[in-house]
Amino acid sequence: MGLSRDLAQTREFFTSRAAGWEDRHPDDDVLFRWAVDQLMLSPGDVAIDAGCGSGRALPPMRAAVGPRGAVLGVDATPAMLHEAARLGRQAISVCAIGDVGRLPVRDGCAAGILAAGLLPHLPDPAGTLRELARVAQPDARLAVFHPIGRLALAARHKDRGAHAHDMNIDPHRIGPLLAHGGWALELLDDAPDHYLALAVPNG
Ligand SMILES: C[S@@+](CC[C@H](N)C(=O)[O-])C[C@H]1O[C@@H](n2cnc3c(N)ncnc32)[C@H](O)[C@@H]1O
6 MGLSRDLAQT REFFTSRAAG WEDRHPDDDV LFRWAVDQLM LSPGDVAIDA GCGSGRALPP
66 MRAAVGPRGA VLGVDATPAM LHEAARLGRQ AISVCAIGDV GRLPVRDGCA AGILAAGLLP
126 HLPDPAGTLR ELARVAQPDA RLAVFHPIGR LALAARHKDR GAHAHDMNID PHRIGPLLAH
186 GGWALELLDD APDHYLALAV PNG
């Protein structure tokens, strides 16, 4: 089956930006560690980074779940996973090419799911959120995260001609959207320099 038009555009956009992806914002590691902390992972847990890109969140996820846990990163852009491999992220996690709307894992296995920089790139965010809810444990946490403020992100997308649906993370929309996707919003931190919507399964 071919890629949808949206996913093909997303892949094209990120393919040209994958090399050196993390070098553009070297100070973001602290925010990524903080976002992963919000998942409250424990040793032995299964953690998923949905739209993992170069895998920046994978080291703190591995640190949180320890050697007995499992860390899975999924991304639709092969060039991003090449960058993850170059940075050694495949040594600490499983990195898979795929659509996060169809995850290659069983129901109810994940204790924590990170969706960093992902939601504005989803044409059917509720459908994808439902897939994330499918793989989540009943007490799992989902972190919808951006290491940049929402308005600055929208301006960046506009400047770069990104194919982005920035309304997906609008503060008025994110709660109902998460609810539609099987999640209950617990906390919204819509700060000038980052964005975090933390949710738990609502089923
Ligand atoms: C802004 S980048 C963020 C990458 C990484 N999470 C980070 O924060 O550095 C968005 C990523 O989501 C991926 N992506 C977008 N839609 C996707 C989908 N439906 N399935 C899997 N990956 C997707 C893109 O390929 C891209 O690597």
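Under our numbering, the letters of the sequence shown match residues 6 to 208, in that order.
The beta-carbon is built from N, C-alpha and C at its ideal position, and this holds for glycine as well.
Cα-Cα separation between residue i and residue j, rounded to whole angstroms
i      : j      : result
Gly5   : Asp28  : This structure gives no information on residue 5, because the portion of the chain shown stretches from 6 to 208.
Glu17  : Glu88  : 15 angstroms
Met6   : Asp104 : Caution is warranted here: a pLDDT of 49 is assigned to Met6, below 50, making its placement in the model unreliable, and no coordinate value can be reported.
Phe19  : Gly49  : 32 angstroms
Asp33  : Cys100 : 21 angstroms
Leu147 : Ser47  : 15 angstroms
Leu183 : Ile118 : 14 angstroms
Ligand 1 heavy atom lying under 8 angstroms from the CB of residue i
i      : result
Leu193 : no
Gly71  : no
His87  : no
Trp39  : no
Arg16  : yes
Leu182 : no
Val79  : yes
Gly56  : yes
His126 : yes
Ala116 : no
Closest by C-alpha distance to residue i, when choosing among the options
i      : options                       : result
Ser98  : Gly71, Leu36, Asp195, Ala204  : Gly71
Leu86  : Gly187, Trp188, Ala23, Pro128 : Ala23
Gln43  : Ser21, Ile174, Ala116, His177 : Ala116
Thr15  : Phe37, Gly56, Leu36           : Gly56
Leu124 : Leu46, Ile102, His30, Tyr200  : Tyr200
Gly208 : Ala189, Asp194, Ala196        : Ala189
heavy atom of ligand 2 below 8 angstroms from residue i C-beta
i     : result
Arg61 : Although ligand 2 was asked about, the structure shown includes only ligand 1 as ligands.
Residue i at chain C interface by Cβ criterion, 9 angstroms
i      : result
Ala157 : In the structure shown, chain C cannot be found, because there is only a single protein chain.
Are the region 161 to 175 and the region 133 to 145 touching by the rule of at least three beta carbon pairs closer than 8 angstroms?
no
The region 106 to 116 contacting the region 34 to 43, beta-carbon criterion three pairs below 8 angstroms:
no
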